[in-house]
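A.B. asks:
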Amino acid sequence: MQLQILVNGLLLGGLYGLVTIGFSLVWGVTNVVNIAHSSFITLGAYGAWLLYSRLDLGPFTSLPIVMAVMFLVGFAIQHQVINRVIRHGLVMTLIITFGVDLILTNAVLLTFSADYRAVKLPYSSSGLTLGSIQVPYLRLSIFVLALVIMALLATFLSRTRSGRAIRATALNQEAALLMGVTIDRVYATTYGVAAAIAGGAGVLMSTLYSFGPEVGRGFLTRAFVITVLGGLGSLPGAILGGVLLGLIEAVTTVSLGAGYTEVMAFAVLVAILLFRPQGLLGKRFYGGAKS
Amino acid sequence: MFSFKWTRTRAGRLLATLLTTLVAVGLIAGCSKSEPKPAASPTPAPAAAAPKTMKIGVAVSMTGNFSKEGTLMKQGYDFWAEKINAVGGIKVGNDTYKVELVYYDDKSDTTTSVKLTEKLITEDKVSFIFGPYSSGITQATSAISEKYKIITIGTTSNTPALYERNFKYLFGTLPLAPTYLHPVIEFAATLDPKPKTAAIITPDNLFALSAAEGAKAKVESLGLQVVLNEKFPMGAKDVSSLLSQVKAKNPDMLLVTGFFTDGTLVVSQLKELKWSPKLLAFTISASIPDFRKNLGADAENVFGAEWWLPNMKYEDKFYGSARKFADDFKAKYGIEPTYHAASPAVSGLILQKALEKAGTLDSDKVADALRSLELETFFGKIRFDAQGRNVAGQPGAFQIQKGELVELWPKDIARGKAVYPRP
Amino acid sequence: MRKLLPYVAGAAVVVTLVLPAFGVTGYWIRVLSLVFMAVSLSQAMNIMIGLAGYPAMGNLVFFGTGAYVTAILMTKHWAFPLAALASAAVAALYAALVGLPVLRLKGAYFAIATIGINEATREIVLNLPNLTGGGKGINVPFFSGGVHAQQMFFYYLMWGLGALATAVVWYVRRSPLGYGLRALKADEDAAAVIGIQIVRHKVTAWAISAALTGLTGAAYAYWLSFLEPAPVFDVVLSVKYYIIAILGGAGTIVGPILGAFFLELLSEVVWSKFISMHMLVLGFTVVLVVIFLPKGLVSLLQPKERRAGEGRRES
Numbered sequence: 022m023q024l025q026i027l028v029n030g031l032l033l034g035g036l037y038g039l040v041t042i043g044f045s046l047v048w049g050v051t052n053v054v055n056i057a058h059s060s061f062i063t064l065g066a067y068g069a070w071l072l073y074s075r076l077d078l079g080p081f082t083s084l085p086i087v088m089a090v091m092f093l094v095g096f097a098i099q100h101q102v103i104n105r106v107i108r109h110g111l112v113m114t115l116i117i118t119f120g121v122d123l124i125l126t127n128a129v130l131l132t133f134s135a136d137y138r139a140v141k142l143p144y145s146s147s148g149l150t151l152g153s154i155q156v157p158y159l160r161l162s163i164f165v166l167a168l169v170i171m172a173l174l175a176t177f178l179s180r181t182r183s184g185r186a187i188r189a190t191a192l193n194q195e196a197a198l199l200m201g202v203t204i205d206r207v208y209a210t211t212y213g214v215a216a217a218i219a220g221g222a223g224v225l226m227s228t229l230y231s232f233g234p235e236v237g238r239g240f241l242t243r244a245f246v247i248t249v250l251g252g253l254g255s256l257p258g259a260i261l262g263g264v265l266l267g268l269i270e271a272v273t274t275v276s277l278g279a280g281y282t283e284v285m286a287f288a289v290l291v292a293i294l295l296f297r298p299q300g301l302l303g304k305r306f307y308g309g310a311k312s
Numbered sequence: 361m362f363s364f365k366w367t368r369t370r371a372g373r374l375l376a377t378l379l380t381t382l383v384a385v386g387l388i389a390g391c392s393k394s395e396p397k398p399a400a401s402p403t404p405a406p407a408a409a410a411p412k413t414m415k416i417g418v419a420v421s422m423t424g425n426f427s428k429e430g431t432l433m434k435q436g437y438d439f440w441a442e443k444i445n446a447v448g449g450i451k452v453g454n455d456t457y458k459v460e461l462v463y464y465d466d467k468s469d470t471t472t473s474v475k476l477t478e479k480l481i482t483e484d485k486v487s488f489i490f491g492p493y494s495s496g497i498t499q500a501t502s503a504i505s506e507k508y509k510i511i512t513i514g515t516t517s518n519t520p521a522l523y524e525r526n527f528k529y530l531f532g533t534l535p536l537a538p539t540y541l542h543p544v545i546e547f548a549a550t551l552d553p554k555p556k557t558a559a560i561i562t563p564d565n566l567f568a569l570s571a572a573e574g575a576k577a578k579v580e581s582l583g584l585q586v587v588l589n590e591k592f593p594m595g596a597k598d599v600s601s602l603l604s605q606v607k608a609k610n611p612d613m614l615l616v617t618g619f620f621t622d623g624t625l626v627v628s629q630l631k632e633l634k635w636s637p638k639l640l641a642f643t644i645s646a647s648i649p650d651f652r653k654n655l656g657a658d659a660e661n662v663f664g665a666e667w668w669l670p671n672m673k674y675e676d677k678f679y680g681s682a683r684k685f686a687d688d689f690k691a692k693y694g695i696e697p698t699y700h701a702a703s704p705a706v707s708g709l710i711l712q713k714a715l716e717k718a719g720t721l722d723s724d725k726v727a728d729a730l731r732s733l734e735l736e737t738f739f740g741k742i743r744f745d746a747q748g749r750n751v752a753g754q755p756g757a758f759q760i761q762k763g764e765l766v767e768l769w770p771k772d773i774a775r776g777k778a779v780y781p782r783p
Numbered sequence: 404m405r406k407l408l409p410y411v412a413g414a415a416v417v418v419t420l421v422l423p424a425f426g427v428t429g430y431w432i433r434v435l436s437l438v439f440m441a442v443s444l445s446q447a448m449n450i451m452i453g454l455a456g457y458p459a460m461g462n463l464v465f466f467g468t469g470a471y472v473t474a475i476l477m478t479k480h481w482a483f484p485l486a487a488l489a490s491a492a493v494a495a496l497y498a499a500l501v502g503l504p505v506l507r508l509k510g511a512y513f514a515i516a517t518i519g520i521n522e523a524t525r526e527i528v529l530n531l532p533n534l535t536g537g538g539k540g541i542n543v544p545f546f547s548g549g550v551h552a553q554q555m556f557f558y559y560l561m562w563g564l565g566a567l568a569t570a571v572v573w574y575v576r577r578s579p580l581g582y583g584l585r586a587l588k589a590d591e592d593a594a595a596v597i598g599i600q601i602v603r604h605k606v607t608a609w610a611i612s613a614a615l616t617g618l619t620g621a622a623y624a625y626w627l628s629f630l631e632p633a634p635v636f637d638v639v640l641s642v643k644y645y646i647i648a649i650l651g652g653a654g655t656i657v658g659p660i661l662g663a664f665f666l667e668l669l670s671e672v673v674w675s676k677f678i679s680m681h682m683l684v685l686g687f688t689v690v691l692v693v694i695f696l697p698k699g700l701v702s703l704l705q706p707k708e709r710r711a712g713e714g715r716r717e718s
């Protein structure tokens, strides 16, 4: 039974990691702590629900559609709104993303009402049985997808022109500018990619939970913790951090009680910040120079 | 990036001027609205001087965490108000009053709700208040309305602590929260084979903890054993680890208090663990139509307890039977009502009966009338004790069978047989 | 505008002090009390954000702490003033304790650590049901007077707290502590080199901020008469006062006051006009203010030539 709890934590961690990748990337590259990240998750979930209930598209079909739309949404928000204030520093961008989050969340509330939605699939709760351990297919596929998306994103960052521009900007903005990189476009692309992944996480989440317009909120503080844990801007770090947090929560639930998960998460957060501020897989220079 | 910046000069200044004006308008509006009026009077206007419209204030959640529940409640209040106005209004002494409901959105936030309650009383001069959603918020708002001697009828707030403060002007339509799961537990004790062990899990919240405590006491009083009694954080997104612990104890019954999403989360994560207790029961969640819609077949054979169900065999002259109320409601709003709407609707009826009896809008006399009321309604029996608790009502137990709620307990409302143990 | 400022400020003080005598309704008394509470809380944050340059986004952890300390002590029959002082002391001590490690962090890391402290403290309060009532909340003894006495008491109490916090910001800015804070805001390493005791300055600043916040929390607990952990340790609430400080203009004395009046009164006007849309409208307001007034509302009061100059450069 103990092993089951570790498996639960591990699988939950995959989702946490997926939720965090975009958040961590935006923070690392543009130095924006993006509060609106949670509403991108919410939008993704509603997108999946809309396609499922109106056009009968399953979540794995709607995943690329929703991600593409979310990329455009994210690109537009960064390009039209956040880029305008980005030079005023973290404090201002934090507030503007909070404003964006208010707008998006309440737009969802007004459009879809507060009714609880779910994407219920015939295979929703089925899974593998390994001895006494249950591995639900959906959670397993979310975990695998998290790894796939991470790998694709890593390829994009290292192999494509836009990706290299993003990396260059993250490492040294002035140098990138001198090399002819258009910073606002890079920022907008980064933000778009992050929104797409968050939307994708929302699509996958819609199959696991009943959700309302506030569904993304609960994941935001976790994304913070995981970003710090894994290392700012580090993709494998986001996944590793997510898995670690999932495991920590699972073990805390069993040893101390479910009511102590936040205390433990915070203790880990402070310990990491104090003893390894660049995170487990982070590089010191990633975003650090700008904070 | 540089192309945007022209806005920071002209439009920027324009906006700045606009904002300043807004603040000024706000201040002026605030003062001008209030200055002509005398200091807040502690008693409502006497009936003779009032126009024939009676205002009832409702600060309820339309946004935030409780927006779903708040919206359902608003429909219940509206349903009553339209119905009573359609038959001419409420007869109070020699006058007949039409009802006007004054709504505000409390954003599911206590501070806001208290502020709005004070606005309803001092600015809108409402005669009565219908409660907000959740016991926690009502606990704070009723402290204000009590000071102003304005009656609050709490329609969905029923933790015992609310009524232990000996308030004179607070009444609660629902029976108290600890009794919530009692019908399920009483029913379980009649089953064959009789369950022997129970696990109880609850979110860490005022209402849910009360319901869990009541459930634990009831389970133990019937000689069953509680093998696990744990709480989890409000709004938890994952309880699989806690459920793995429950599974390890293998109890016959799993009782879950809490709210809608807690219920759907537990059902789907139990399914993932490929385990089910013989009897699985929820508060609130299982009776909400979205539960069956979102969970599909996984919702089958789940038990629930509810303050009111559309097929309960209660009736009154105003609304007709519970079934008729549900059908009329559905015709109007397109959804089958739950207690979230039925309790507000019956609370209107309760107030109406008390006003007819008191023959005045005076808070003290209406409060006395409420305390001496004995009603049979489509919602069940209503009788308030000195602290304002409805001591006559009782919840019922049901099971979801083939997508329908089948009432099972108390015995006199039973419409079928239980599927037990849960396959 | 700048020359007029002292007069406007003086007039505002007089108007807010005598306003209740003109029969303003209980609702507006409460709204204004909430504005003063916002002034107090955002000024307390201002010490950290504006003076020390530490974005203490979860600063309202001390609000919740102060509220709970007062609630617990008052149920043990302490008088409110004593309980409130205890709240301030406990909050300050708590800030000093967690500040020693956490104030080593900067920027967004510090902001997030304070949010973490807030979440963890809420859970601790939830997990001590015998002391705090846990998830079932805690009842605070009622204010004994009638409706009117209660309104006046909390109106002037909140007014006083707002004034106190403003005075503290004013005083700290001019004190050696303030100079030290400004030095370390500009460049922490350089400040250390010239002999400023960084840790002591930061911890003292945070303790002062926490004491003010805790005191306000104490008043809130007595005012509301019932506490639950989630609403008083609410991150969104914390972010709201943070926004008030920034929108008004962090680092200035007038900024948080402007921010408090602007945001609180605006939200009153907005929600009464747009019952289902008010949060949406607020979101747009926040976005627009940040875009057009990135230095806060206080920049409206600044000399015109500076803004005009800025305009020339950018157009």
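These protein sequence lines map, in sequence, to chains A, B and C.
Numbered according to our numbering, the first sequence spans residues 22 to 312.
Numbered according to our numbering, the second sequence spans residues 361 to 783.
Numbered according to our numbering, the third sequence spans residues 404 to 718.
Note that the Cβ used here is the ideal one computed from N, Cα and C, for glycine as well.
Does Asn52/A have its Cβ less than 8 Å from a Cβ in chain D?
C.D. replies: This model lacks chain D altogether; the protein chains it does include are A, B and C.
A.B. asks: Taking the Cβ atom as the reference point for each residue, do Leu295/A and Pro659/C lie within a distance shorter than 8 Å?
C.D. replies: Numbered from its first residue, the first sequence carries residue 295/A at position 274. Numbered from its first residue, the third sequence carries residue 659/C at position 256. Not closer than 8 Å, so no.
A.B. asks: What are the start and end residues of each continuous beta strand (DSSP E) run of 3 or more residues lying completely inside the region 552-595 of chain B, in chain order?
C.D. replies: 557-563, 585-592
A.B. asks: At least one CB of chain B closer than 8 Å to the CB of Met477/C: is that the case?
C.D. replies: For the purposes of this step, residue 477/C is taken as residue 74 along the third sequence, with counting starting at 1. Interface residue (Cβ-Cβ distance to chain B less than 8 Å): Met477/C is not classified as such.
A.B. asks: Strictly by DSSP, which residues pair up with Lys528/B?
C.D. replies: As a first step, residue 528/B is located in the second sequence; it is residue number 168 there, counting from the start. Partner(s): none; Lys528/B has no beta bridge.
A.B. asks: Could you compute how far the alpha carbon of Trp720/C sits from the alpha carbon of Ala172/A?
C.D. replies: The shown model of chain C, from 404 to 718, leaves out residue 720/C, and the question about it has no answer.
A.B. asks: Against chain B, does Ser628/C count as a neighbour if the rule is that its beta carbon must be under 8 Å from one of theirs?
C.D. replies: Position 225 of the third sequence, counted from the first residue, corresponds to residue 628/C. Chain B, which has a Cβ nearer than 8 Å to the Cβ of Ser628/C, makes this yes.
A.B. asks: Is the shortest distance between the beta-carbon of Tyr230/A and the beta-carbons of chain B less than 8 Å?
C.D. replies: By one-based count along the first sequence, residue 230/A stands at place 209. At least one chain B Cβ lies under 8 Å of Tyr230/A.
A.B. asks: For Ser227/A, collect the residues of the same chain with a Cβ closer than 6 Å to its Cβ; drop the 5 residues on either side in sequence, then sort them by chain order.
C.D. replies: In the first sequence, the residue the question calls residue 227/A occupies position 206. Closer than 6 Å at the Cβ level, and outside the excluded window around Ser227/A, lie Ala66, Ala69, Trp70, Val140.
A.B. asks: Going by the beta-carbon positions, is the gap between Leu639/B and Tyr540/B smaller than 8 Å?
C.D. replies: For the purposes of this step, residue 639/B is taken as the residue at position 279 of the second sequence. For the purposes of this step, residue 540/B is taken as the residue at position 180 of the second sequence. Against a cut-off of 8 Å, the Cβ pair of Tyr540/B and Leu639/B comes out as no contact.
A.B. asks: Do Ala414/C and Pro458/C count as a contact pair if the criterion is CB distance below 8 Å?
C.D. replies: In the third sequence, the residue the question calls residue 458/C occupies position 55. In the third sequence, the residue the question calls residue 414/C occupies position 11. Going by C-beta atoms, Pro458/C is not nearer than 8 Å to Ala414/C.
A.B. asks: Taking Asp745/B as the reference, which of Thr533/B, Asp658/B, Gly656/B, Ala701/B has the closest Cα?
C.D. replies: If you number the second sequence from 1, residue 745/B lands on position 385. It is Thr533/B whose Cα lies nearest to the Cα of Asp745/B.
A.B. asks: Between which two residues does the beta strand (DSSP E) holding Glu736/B run?
C.D. replies: Along the second sequence, read from residue 1 onward, the residue named residue 736/B stands at position 376. From DSSP, the beta strand (DSSP E) with Glu736/B extends over 735-737.
A.B. asks: Tell me the DSSP bridge mates of Lys717/B?
C.D. replies: As a working note, residue 717/B is residue 357 in the second sequence. Lys717/B is not bridged to any residue.
A.B. asks: In its own chain, which residues sit with a C-beta less than 6 Å from the C-beta of Ala586/C, not counting the 5 before and 5 after it?
C.D. replies: Position 183 of the third sequence, counted from the first residue, corresponds to residue 586/C. Closer than 6 Å at Cβ, skipping near neighbours: Ala594, Ile599.
A.B. asks: Between Ile760/B and Gly694/B, what straight-line distance do the alpha-carbon atoms span, to the nearest angstrom?
C.D. replies: Working through the second sequence from its first residue, we reach residue 760/B at position 400. Working through the second sequence from its first residue, we reach residue 694/B at position 334. Their Cα atoms are separated by approximately 21 Å.
A.B. asks: Does the distance from the C-beta atom of Met682/C to that of Thr423/B stay below 8 Å?
C.D. replies: Within the third sequence, the letter at position 279 stands for residue 682/C. Within the second sequence, the letter at position 63 stands for residue 423/B. Result yes, Cβ atoms of Met682/C and Thr423/B sit closer than 8 Å.
A.B. asks: Under a Cβ-count criterion, where at least 16 other Cβ atoms within 10 Å of its own Cβ denotes burial, should Thr413/B be classed as buried or exposed?
C.D. replies: Position 53 of the second sequence, counted from the start, is the residue given in the question as residue 413/B. Answer is exposed; the Cβ neighbour count stays below 16.
A.B. asks: Measure the CB-CB distance between Ala91/A and Phe61/A and report whether it falls below 8 Å.
C.D. replies: Taking the first residue of the first sequence as position 1, residue 91/A is located at position 70. Taking the first residue of the first sequence as position 1, residue 61/A is located at position 40. Checking the sequence shown, residue 91/A turns out to be Met, not Ala. It is a contact, given that the beta carbons lie within the stated cut-off.
A.B. asks: Taking contact to mean 3 or more Cβ pairs, one atom from each stretch, closer than 8 Å, check whether the region 99-110 of chain A and the region 157-172 of chain A are in contact.
C.D. replies: With a cut-off of 8 Å, the region 157-172 of chain A and the region 99-110 of chain A do not count as touching, because too few Cβ pairs lie within range.
A.B. asks: Identify every residue that forms a DSSP beta bridge with Gln759/B.
C.D. replies: Along the second sequence, read from residue 1 onward, the residue named residue 759/B stands at position 399. Its beta-bridge partners are Phe663/B, Val766/B.
A.B. asks: Restricting to Cα atoms, I'd like to know which of Gly426/C, Thr468/C, Ala412/C is closest to Pro632/C.
C.D. replies: Position 229 of the third sequence holds residue 632/C. Residue Thr468/C is the option with its Cα nearest to Pro632/C.
A.B. asks: Report the three-state DSSP secondary structure of Thr419/C (helix, strand or coil).
C.D. replies: The residue labelled residue 419/C in the question sits at position 16 within the third sequence. Residue state for Thr419/C is assigned as helix, using DSSP reduced to three classes.
A.B. asks: Which word fits Leu436/B, buried or exposed, when buried means at least 16 other C-beta atoms lie within 10 angstroms of its C-beta?
C.D. replies: On the second sequence, position 76 is the one that residue 436/B refers to. The displayed chain sequence assigns Gly, not Leu, to residue 436/B. Looking at its Cβ environment, which holds 16 or more other Cβ atoms inside 10 Å, Gly436/B is buried.
A.B. asks: Specify the secondary structure class of Asn55/A as computed by DSSP and reduced to three states.
C.D. replies: In the first sequence, counting from the first residue as 1, residue 55/A sits at position 34. Three-state result, Asn55/A: coil.
A.B. asks: Can you list, in chain order, the residues of its chain whose CB lies under 8 Å from that of Tyr230/A, leaving out five sequence neighbours each side?
C.D. replies: Along the first sequence, read from residue 1 onward, the residue named residue 230/A stands at position 209. The answer, listed in chain order, is Ala139, Val236.
A.B. asks: Could you pull the DSSP bridge partners for Gly148/A from this structure?
C.D. replies: Start at 1 with the first residue of the first sequence, and residue 148/A comes out as number 127. In DSSP, Gly148/A forms a bridge with Pro157/A.
A.B. asks: Strictly below 8 Å CB to CB, what residues from chain A border Ser679/C?
C.D. replies: Counted from its first residue, the third sequence places residue 679/C at position 276. Those within 8 Å of Ser679/C in chain A are Leu131.
A.B. asks: Under 7 Å from any heavy atom of the ligand ZN, does the C-beta of Asp484/B make it?
C.D. replies: No copy of the ligand ZN appears in this structure; indeed no ligand is present at all.
A.B. asks: Which term fits His480/C, buried or exposed, when burial requires 16 or more other beta carbons within 10 angstroms of its beta carbon?
C.D. replies: As a first step, residue 480/C is located in the third sequence; it is residue number 77 there, counting from the start. Its Cβ having fewer than 16 others within 10 Å, His480/C is exposed.
A.B. asks: Taking Cβ positions only, does Asn127/A come closer than 8 Å to chain C?
C.D. replies: Locating residue 127/A in the first sequence gives position 106, counting from the first residue. Yes, Asn127/A counts as interfacial toward chain C.
A.B. asks: Does the beta carbon of Gly34/A come closer than 8 Å to any beta carbon on chain C?
C.D. replies: Here residue 34/A corresponds to residue number 13 of the first sequence, with the count starting at 1. So, not an interface residue.
A.B. asks: So Ala786/B is in the beta strand (DSSP E); what residue range does that whole segment cover?
C.D. replies: The displayed coordinates of chain B run from 361 to 783. Any statement about residue 786/B would go beyond what the structure contains.
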